[in-house]
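Trainee: Structure below; questions to follow.
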Ligand SMILES: Nc1ncnc2c1ncn2[C@@H]1O[C@H](COP(=O)(O)OP(=O)(O)OP(=O)(O)O)[C@@H](O)[C@H]1O
Ligand SMILES: Nc1ncnc2c1ncn2[C@@H]1O[C@H](COP(=O)(O)OP(=O)(O)OP(=O)(O)O)[C@@H](O)[C@H]1O
Ligand SMILES: [Mg+2]
Ligand SMILES: [Mg+2]
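Chains as they are written, first to last, in our numbering: chain A, 1 to 325; chain F, 1 to 307; chain C, 1 to 333; chain D, 1 to 501.
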């Protein structure tokens, strides 16, 4: 498995590199370290979201409500900041994680206790959460002038030459990596995705594991709620509208199997980064904006076809000579 | 009791510009008296969603609809139906084709807006240089008209301004941010970004601030003072312009009420619009209000408190 | 309940009472919900009970519901098609192009439906030919199809469709009964017969329950799935004709967000998202319910986004209710 | 005697419409193997699941070493010292072998994190102790089905348990691996573990078990010592009547060639496969598990695409691209994996039966339910299907009865050639006889039957000719006249003649 997966991620990394090289041929400035770091920073939020989505997809579920969760948490934190500028930012961030996790837990409870298919639950909460953004804000936007300077500036600061936003992504990636590979809960995500029946026989509580995956995705969406709002300095009903499918696309490109049980942290990160590079490169090389959508659609399809190739079980081989070959 | 019911339909709810317009409309309704104002619109700025809103207004048998349209053509059939059912229809801000409405109220003259947005950039570029436009959706009627007008005016009036690109941020802050970044990366000599849309201009100014390009790249365009004040303050932008949305909503209600009261909309007809004065219809039954108003360091503080 | 497995050589057709199970079915729950909303609407707004209002209401859902009919079949086989709204955009764009080169009304309709079928066939090929999961393929083609529409149209729009064409989206067959509604009802009837009373429909269910075993039973699984994706493309093309005619113009951003609404209708209609079960009657009722909710709230000038809270909650509540009821009964037993 | 480790008393368990267990009791003794015997659907697997915390009994008491325990989850069962190898392999394809063995009780390091290195080493030790020849580091999906079963055994052993339950552990194993398993069972016995062994194979029950308990229709109907009880008595307890399983005597009226397969090859699975089946003949395919028989049959059935070769049916060359083509031509296939490939669980019996015959029961493409029910009833009743009604969901039938549904489905298509892949795998002795009798009937009606089987008695008792396969090749085709079992085993295992002789 390792061999196979490693090549998959390697291919993806090569693909990203190829795009960078191609763009650089036309615009040498594109691959300057500064610009590449900017792309990484720009993609940070998508990377974190993709990791949360991956946890959910691993358990044979899907969370279509992540973008709405992000918008709702973002609006809550923005309004809180506007109303009480004195509340320290770390406290606000912790609040975001808690609120996001609670929204995720709402999805999770419905999946766990009522056994409603995740796609149905999150299709419902996708609209409910976003509707709530409107309800709590009355439709009004919270703009830069209403936010406190700390609120806006925190993620723009730098540490060791890297913006704080990028550090958020790095830390989240590390934590998710440890969770996925080193804890029973993380392995349970994989187990119930690979074979839910067997997971029950192994003593894994399938419902509760899915619940945990949703809580994780929700917590990450909540964190990203703050990061998104302070990055684009506007909180509105339409924040991250339609982004739910972009997050899924990042996972898919990164080799996370929609059927569950297959996917790695590195893959999801690279999948997000790939979309980030493509989205960043197109305007830079002056591709007509009207071509962008078709190009990212094609990129998704190509990735899906390639992943489908490598995911196909080669089956077992009976003939000796075929085995030797 | 015979109240006149006027619906003010906007592109999307929650947009500060339209909220300000609604404030003006409310004011006009109060002044005229006996008017029930319905302020409504979709939450996503699409034509289909707006059609559903208009459908429900037809069912409610309102007396007049004043709409800022998401699409000049797609709304025509449903607005024609409204007119068939005896509802007066005017468009304001972003218009619909003449078949779909009696009057269109332009916030300002299209040519004038086109010229203003270029002038805002040129004023701070005595030597000239590269500028780019960051627009709203590629389908936005008014933005497209302004950009056309701007392009037309460059060669004769601003010969040393070089418009290098027009990109579309879809009035989405993320897309606008990405497009602004793209412009800066692709055109190292870019001197100004012109964003004739309130979402785009904020996004562009934030990008310029974040990338420490204040003083190198000037952001300008059309902006709500309340949302844009800090970027004038921090120098990311020298000046922006906008008409008064309050007056726009105010006038729309006056026009709608006049139609309901039986005044005919025909080329050359003159309508009184309360304290704003009066407007005269041109041969497409359109009327234009005042020239866009310019905001800079000297006055932004004051206007940001109003809208 | 005693030892049923060991008894009898003679096997009865069924043990449960068909009338009783019909009464306890999902559809009757939906009928109740629809009635309740209808009554609530009549009380909430004086404008609701008016033939023209009710007629206008149908425009809010007919196009999406047409797609939902085909989507129901796709979902019953355990697949999904998220590209339907983008197919509408592309089909509408191509109709606009055809108009530019002087196509007449029948030609325009043919172009719209033809492009729909081609898009569906492309999806079908990727999914059945290359054996890729439909959800990710159609997330990709969702961008691709609309992307092509953007490439063709850019910031332009097509308009000036002939009046005979506009009739499809704006015309009435008689009195307040619109062509769109009649077409939807006819299609619903056809889909009902196809799904519930033909071999094809039976095979669709078999695939949804267990595609491998269905293949081992001589069902041409890939062919049927391919046909279903083409069918969804066709219905999307048809919806494109109606929508284009209703709007009288084409823009690449047309029909954004339709896909999730169509899926919501299907799921609300009681079709299992996991495949293998569902009825057309349920989907039709769900379309009606969504129309009633949005129109009723619209009459009260409730913003669309708040309506969507209702729809989202309705979806979860209606699905959760039978489950809660079953749990409650089990606990009592 | 020795103290009891596990006692069950008064256990009952019902599913909607089915009473799977009724007031059953069971005792397990340390150092002894107890056989659990019963027809298909007698409730054996249900009992296993009750003991491993997967199902909760409706009534009754479970005692471990005299103390009453409740087993709400699979974890609590292993904590109570009960471990099981389930009937279906319940493992994780995408995970490594080591993780499959240790999932849920993986060794941790000081920080509470999973310690992969220790896990892998321990897993390797367990596997080596079983002489399994499996690398603990590779992903499970790279193993064959038999090796996977060994991993399941290793997993059961990795839990330090007092009670080891094996639900038909040998059903998917080759003879060699079965022998190794017997050795393992012996080791466990010496360790003082109590073993519950479920099997339909009487030879192995008599070989390794000490005691037996018999279930019939969810009730405990008898128990005793194996060595004191003759086989036919146990069978009588089991089916409630006496059954002598003799293979049906047939007057072989064999006609001309119906199906001819010439030089069939596949890039990785088989090569140069040629055989022919004649009218009224049963052609047996023998080989060890994994010899490639199923693959060949699936190629003939159009499921697997071939690289080269020809298939001739009734003198006409056919090239089935899908099962639908094969069914149309008159070749049908009863697959080995019943649950996945045979029945459509989630649909009622009658729909399963009518699915391939819809063109016959319908008119102009429109369904006619009455015809469907009639068709389903005809064939299921002929096979003595045990069900409450034709609308019962097949997922609620026991394995054997599901197999009958699959056979009924194909008979209804009136095929020319019927391929049965392990037709009696996991089927109780009573139903087995019925299936065999039925096969006899089929050929007497002029059908041609290909029977893939890994059971020697079945092959020898039923076939007119036997094809032996090994590693994707046909080794020999033999007339079944005075055929010695040893000959077949030797050919299938590739043991040289001199050594065997
Ligand atoms: N989850 C379930 N739902 C409904 N009925 C069930 C379920 N599991 C088992 N049954 C029924 O309970 C009975 C006992 O089944 P079980 O699997 O225990 O039989 P078994 O003795 O293991 O048979 P076999 O030898 O075929 O494996 C059968 O009638 C079966 O149909
Ligand atoms: N590694 C594996 N993973 C899953 N299933 C497997 C694996 N190996 C074999 N099988 C299944 O086991 C069955 C036996 O395969 P095959 O055709 O190669 O052998 P065979 O000679 O027919 O053996 P059998 O006696 O089991 O019929 C096939 O249906 C195949 O799907
Ligand atoms: Mg069993
Ligand atoms: Mg086999």
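Even for Gly, the Cβ is constructed at its ideal location relative to N, Cα and C.
Just so it is clear, the structure is predicted and the values come from calculations on it, not from any experiment.
Output, in sequence order along the chain, the residues in the stretch 174-200 of chain A whose CB is closer than 9 Å to any CB in chain D.
Mentor: Correct list: 178, 181, 182, 183, 184, 186, 187, 188, 190, 191, 193, 194, 195, 197, 198, 199, 200.
Trainee: Where residue 451 of chain D and residue 350 of chain D are concerned, what is the direct C-alpha to C-alpha distance, given to the nearest angstrom?
Mentor: If I take the Cα positions, the gap works out to 25 Å.
Trainee: Enumerate, from N- to C-terminal direction, the unbroken alpha helix (DSSP H) stretches of 4 or more residues contained entirely within the stretch 272-331 of chain C.
Mentor: 280-299
Trainee: Hey, quick one: how far does the alpha helix (DSSP H) through residue 354 of chain D stretch, first residue to last?
Mentor: Note, residue 354 of chain D: alpha helix (DSSP H), 349-354.
Trainee: Any beta carbon from chain A within less than 8 Å of residue 94 of chain F's own beta carbon?
Mentor: no
Trainee: Give, in chain order, every residue of the stretch 180-208 of chain F whose Cβ lies closer than 8 Å to some Cβ of chain A.
Mentor: 181, 182, 183, 185, 186, 188, 199, 202, 203, 206
Trainee: Which residues in chain D have a C-beta closer than 8 Å to the C-beta of residue 212 of chain C? List them in chain order.
Mentor: 340, 341
Trainee: Go ahead and label residue 86 of chain D buried or exposed: buried means 16 or more other beta carbons lie within 10 angstroms of its beta carbon, across all protein chains shown.
Mentor: buried
Trainee: What separation, rounded to the nearest whole angstrom, lies between the Cα atoms of residue 384 of chain D and residue 46 of chain D?
Mentor: 23 Å
Trainee: Let's test the definition: count the other Cβ atoms within 10 Å of the Cβ of residue 309 of chain A and tell me whether it reaches 16, buried, or not, exposed.
Mentor: exposed
Trainee: Just mark residue 270 of chain F as buried or exposed, buried being the case when its beta carbon has 16 or more other beta carbons within 10 Å.
Mentor: exposed
Trainee: Quick check: the stretch 125-144 of chain C against the stretch 74-84 of chain C, are there 3 or more CB pairs under 8 Å?
Mentor: They touch, by the three-pair rule.
Trainee: List, in order along the chain, the chain A residues whose C-beta lies closer than 9 Å to that of residue 73 of chain C?
Mentor: Going along chain A, no residue has its Cβ under 9 Å from residue 73 of chain C, so there is no contact; the nearest lies around 17 Å.
Trainee: Does the separation of the CB atoms of residue 296 of chain A and residue 217 of chain C fall below 8 Å?
Mentor: no
Trainee: Assuming residue 448 of chain D and residue 281 of chain D make a contact with CB atoms under 8 Å, what is their CB distance in whole Å?
Mentor: 6 Å
Trainee: Mapping the DSSP letters down to three states, classify residue 284 of chain D as helix, strand or coil.
Mentor: strand
Trainee: Using a Cβ cut-off of 8 Å (strictly closer), state whether residue 293 of chain A contacts chain C.
Mentor: yes
Trainee: Any beta carbon of chain D sitting closer than 8 Å to that of residue 219 of chain C?
Mentor: yes
Trainee: Where does the unbroken beta strand (DSSP E) through residue 88 of chain F begin, and where does it stop?
Mentor: Residues 88-92.
Trainee: Identify every run of the alpha helix (DSSP H) within the stretch 81-108 of chain D, keeping only runs that are complete inside it and at least 4 residues long; order them along the chain.
Mentor: 97-102
Trainee: By the three-class DSSP mapping on this structure, what secondary structure does residue 206 of chain F have?
Mentor: helix
Trainee: Any heavy atom of ligand 1 inside 7 Å of the beta-carbon of residue 74 of chain D?
Mentor: Residue 74 of chain D: no, Cβ never under 7 Å from ligand 1.
Trainee: In the structure shown, what three-state DSSP assignment does residue 8 of chain F receive?
Mentor: strand
Trainee: Between residue 113 of chain D and residue 187 of chain A, is the Cβ-Cβ spacing less than 8 Å?
Mentor: With respect to residue 187 of chain A, residue 113 of chain D sits apart: the two C-beta atoms are not nearer than 8 Å.
Trainee: Along chain F, in chain order, which residues have C-beta atoms closer than 9 Å to that of residue 362 of chain C?
Mentor: Residue numbering for chain C in the displayed model covers 1 to 333; residue 362 of chain C lies beyond these limits and cannot be assessed.
Trainee: According to DSSP, what are the bridge partners of residue 469 of chain D?
Mentor: D:474
Trainee: Tell me the residue span of the beta strand (DSSP E) that contains residue 167 of chain D.
Mentor: 163-167
Trainee: Among F:203, F:84, F:46, F:81, which has the Cα closest to the Cα of residue 70 of chain F?
Mentor: F:46
Trainee: Under 8 Å, Cβ to Cβ, is there at least one residue of chain A near residue 46 of chain D?
Mentor: no
Trainee: My parser needs the alpha helix (DSSP H) runs of 4 or more residues fully inside the stretch 198-227 of chain D; what are they?
Mentor: 202-208
Trainee: Determine, for residue 280 of chain C, whether the minimum Cβ-Cβ distance to residues of chain A falls below 8 Å.
Mentor: At a cut-off of 8 Å between beta carbons, residue 280 of chain C makes no contact with chain A.
Trainee: Pull up the DSSP beta-bridge partners for residue 479 of chain D, would you.
Mentor: D:465
Trainee: Count the other CB atoms, across all protein chains shown, that sit within 10 Å of the CB of residue 70 of chain D; report buried if there are 16 or more and exposed otherwise.
Mentor: Residue 70 of chain D is exposed by the Cβ-count criterion.
Trainee: Alpha carbon to alpha carbon, what distance is there between residue 215 of chain D and residue 161 of chain D?
Mentor: 25 Å
Trainee: Are the beta-carbon atoms of residue 318 of chain C and residue 72 of chain C separated by less than 8 Å?
Mentor: no
Trainee: If you run the structure through DSSP and keep just helix, strand and coil, what is residue 180 of chain D?
Mentor: helix
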